[in-house]
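Residue numbers (the working numbering), protein chains in the order written: chain A, 16 to 610; chain B, 175 to 253.
Before any comments, here is the structure.
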């Protein structure tokens, strides 16, 4: 039987995991994305295979796993003919168990002096760092490093917290320093192994029989827990998190129906059942604070909704937190489409949460790309359902992400201004845009890489580049430009990227040209192109080629080069002679020049 | 061993060692089944413990080195 619905895979026992993983490896599931994962560890990790294969398939990946022989980190990386390189990893897992580094750290911690512990810590971190350095430039995959945790219990039963240098503190500091090292390494992330051990608990983490008989340091329950959380982490390292949640109101943000029960009779507060809704609002606010946009689609009377938000001072979510409100009697699929248009984000970046099964099914059938949460019957479970949905998972939040709500608030003001303005240029002139551009450097490279990874619509070639890819390109002489913009309503940060190279000595090729959807339609594409061409000319380039690679999402830029005076060579290639080129820049955008 | 238990046991062995149920008999062992190595042996132990909801002693886990032995060892656990 060929299967294509992976999210319903539900395994509870090792037998079921092994069975399903065999089916997946036997090609019985279609439409999964291929992914090579290499695992390097200080112990034999093969036992995790069925759990990782199955949990990754649930998340739409067909993984091929390679396990390096245990404790051969350096050997595998230094030997260019090793199985590790042969496996061509897209994702590299690195796990040092603290017990494998030094048993005494785990079960005889107080035998160490403070100084010895300091040296131990340095030794461990130096080893991780040197492995990361060895990997640099040799592989292009994402690197995921497990952080540290003890497995069974602390060395002493009850008095660790009051020690001047406690065992728990040792591990916390080790993990903090490890995170700092990983943050400095391109495309490197932490798998929060420490949290997984805590979640399962010391009492259940190890099965002594498996550990002492076969050196397998995880019980069955732990193997399953690692499979789940590790897969979630791997996927978060590869995919873009959703940007917006569309919420229903009645029986979702509060209990009851305001149109029927009346504003004063709804359930919300510190007592059951209202407290369940309060918790859910807190979960939503937590998402908001991480940069997720909030929107409403509710079949309701708008006046009642405004009344309730204005009168209930105790609501955790206030009107000001919402980017868009669609309160009407139209069908919700249409409302969500409008929300996506107004916020300028794709449907595949939106999550829908509604207690009504009917609404969810209707929306799912009309908008298949949308992420629809299977809302549980009881409001007590709402928060957990949303937290475990994974659509908002990310491993690293940039400053731009955190401030997204601020940017979009300004976007809303721009939107209302555009209704008042007469012509588009007139409108754009009122924005007082100020553009800054620059060549990519250590500060900007993370954001530039992120834009190549995330941008779909205004993206001529949709080439995805990790930080290390970009570093390599710059070293090989490519021109990597970014553009940021600021206007009356705020600073949008870096929103444009252009990359060109002249690896063919007699002409330059525009490899990448993209703008964040946040600023499409503001003529910044023209500005970015001008700056790019000027820079190429300054480097004595005269012939420039541009290409367009169609993806199904970037139709809007198919005529970009035609519109900008390039001469069409073929369906996907255009040419421009810079020796006869004269700059034509929109005069309402102030250029602050290159930094 | 009850017929129902034997059926479950054979399904476990078949899936974990990747061989058809019909090819399993009492004499099947690491010597006759290629995939039966130290790792799959552990997978067998974990699966048997989970499916039959039992905890095998370390010695018993090590001794289960043929289908016949598995059945004999399991007998008292399944009483």
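By construction, the Cβ of each residue, glycine as well, lies at the ideal position given by its N, Cα and C atoms.
These figures come from a predicted structure and were not determined experimentally.
If you check the beta carbons only, do residue 591 of chain A and residue 542 of chain A fall under 8 Å apart? no
Whole-angstrom distance between residue 599 of chain A and residue 191 of chain A, CA atom to CA atom: 51 Å
Take the Cβ of residue 610 of chain A as the centre, count every other Cβ of all protein chains shown within 10 Å, and call the residue buried at 16 or more, exposed below. exposed
Chain B within 8 Å of residue 62 of chain A, Cβ atoms only: yes
Can you tell me whether residue 18 of chain A is helix, strand or coil according to DSSP? Note that residue 18 of chain A scores 49 on pLDDT, short of 50, meaning its location in the model is unreliable; the coordinates nonetheless yield the value given after this. Note: residue 18 of chain A maps to strand in three-state DSSP.
Could you name the residues of the same chain whose beta carbon sits closer than 8 Å to that of residue 150 of chain A, not counting the 5 residues immediately before and after it, in chain order? 92, 107 and 158
Cutoff 6 Å; reference residue 16 of chain A; Cβ partners in own chain excluding five residues on either side: Because residue 16 of chain A carries a pLDDT of 40, less than 50, the predicted location of this residue cannot be relied on, and the following value inherits that uncertainty. Result list for residue 16 of chain A: empty, nothing under 6 Å.
Inter-residue Cα distance where the pair is residue 45 of chain A and residue 379 of chain A: 21 Å
For the segment 220-233 of chain A, which residues have a CB atom closer than 9 Å to at least one CB atom of chain B, in sequence order? 222, 223, 224, 225, 227, 228, 229 and 231
So residue 155 of chain A and residue 481 of chain A are supposed to be a Cβ contact under 8 Å. How far apart are they, rounded? 6 Å
Could you name the residues of the same chain whose beta carbon sits closer than 8 Å to that of residue 418 of chain A, not counting the 5 residues immediately before and after it, in chain order? 306 and 508
In chain order, what residues of the same chain lie with their CB nearer than 7 Å to the CB of residue 165 of chain A, ignoring the 5 residues before and after it? 113, 121 and 186
Taking CB distances under 8 Å as the criterion, tell me whether residue 180 of chain B reaches chain A. no
Tell me whether residue 149 of chain A sits in a helix, a strand or coil according to DSSP, three-state version. helix
I think residue 183 of chain B touches residue 207 of chain B, with their Cβ atoms under 8 Å apart; what is that distance to the nearest whole Å? Going by Cβ atoms, the distance from residue 183 of chain B to residue 207 of chain B rounds to 14 Å, so no, they are not a contact pair.
Using Cβ-Cβ distances below 9 Å, what residues of the segment 215-228 of chain B are close to chain A? 215, 216, 217, 219, 220, 221, 222, 223, 224 and 225
Would residue 243 of chain B pass as an interface residue toward chain A - the criterion being a Cβ-Cβ separation below 8 Å? no
Nearest residue (CA-CA) to residue 532 of chain A, options A:473, A:551 and A:503: A:473
Per DSSP, which residues does residue 248 of chain A bridge with? Please list them. For residue 248 of chain A, which the question treats as bridged, DSSP gives no partner whatsoever.
Any C-beta of chain A within less than 9 Å: which residues of the segment 184-202 of chain B qualify? 185, 186, 189, 190 and 192
If you check the beta carbons only, do residue 385 of chain A and residue 360 of chain A fall under 8 Å apart? no
In whole angstroms, what is the alpha-carbon distance linking residue 7 of chain A and residue 188 of chain B? Lying outside 16 to 610, the shown extent of chain A, residue 7 of chain A is not represented and no answer is given.
Neighbourhood of residue 410 of chain A by C-beta distance below 8 Å, restricted to the same chain and skipping five residues each side: 204, 205, 248, 251 and 252
Any contact between the segment 197-206 of chain B and the segment 224-235 of chain B? By contact I mean 3 or more CB pairs, one from each, below 8 Å. no
Beta-carbon contacts of residue 557 of chain A that lie in its chain and below 7 Å, excluding the five residues immediately before and after: 592, 593 and 594
I'd like to know if the segment 306-315 of chain A and the segment 332-347 of chain A are in contact, where contact means that at least 3 CB-CB pairs between them fall below 8 Å. yes
Going by DSSP in three states, residue 110 of chain A sits in which element: helix, strand or coil? strand
Please name the residue in A:58, A:65 and A:215 whose C-alpha comes closest to that of residue 40 of chain A. A:65
If you compare alpha carbons, which of A:260, A:564 and A:62 is closest to residue 355 of chain A? A:260
Determine, using beta carbons only, whether residue 16 of chain A comes closer than 8 Å to chain B. Below a pLDDT of 50, predicted positions are generally treated as unreliable, and residue 16 of chain A, at 40, falls in that range; the measurement from the model is reported next regardless. By this cut-off, residue 16 of chain A is not an interface position.
Supposed contact pair residue 583 of chain A and residue 589 of chain A - C-beta distance, whole angstroms, cut 8 Å: 6 Å
For residue 213 of chain B, decide whether its Cβ has a neighbour in chain A, counting only Cβ atoms nearer than 8 Å. yes
Starting from the beta carbon of residue 235 of chain B, find every residue of chain A whose beta carbon is closer than 7 Å, and list them in chain order. 224 and 228
Inspect the beta-carbon positions of residue 528 of chain A and residue 397 of chain A and report whether they are closer than 8 Å. no
For residue 250 of chain B, which residues in chain A fall below 9 Å Cβ to Cβ? Ordered by position in chain A, no residue passes the 9 Å Cβ test against residue 250 of chain B, which lies about 18 Å from the chain.
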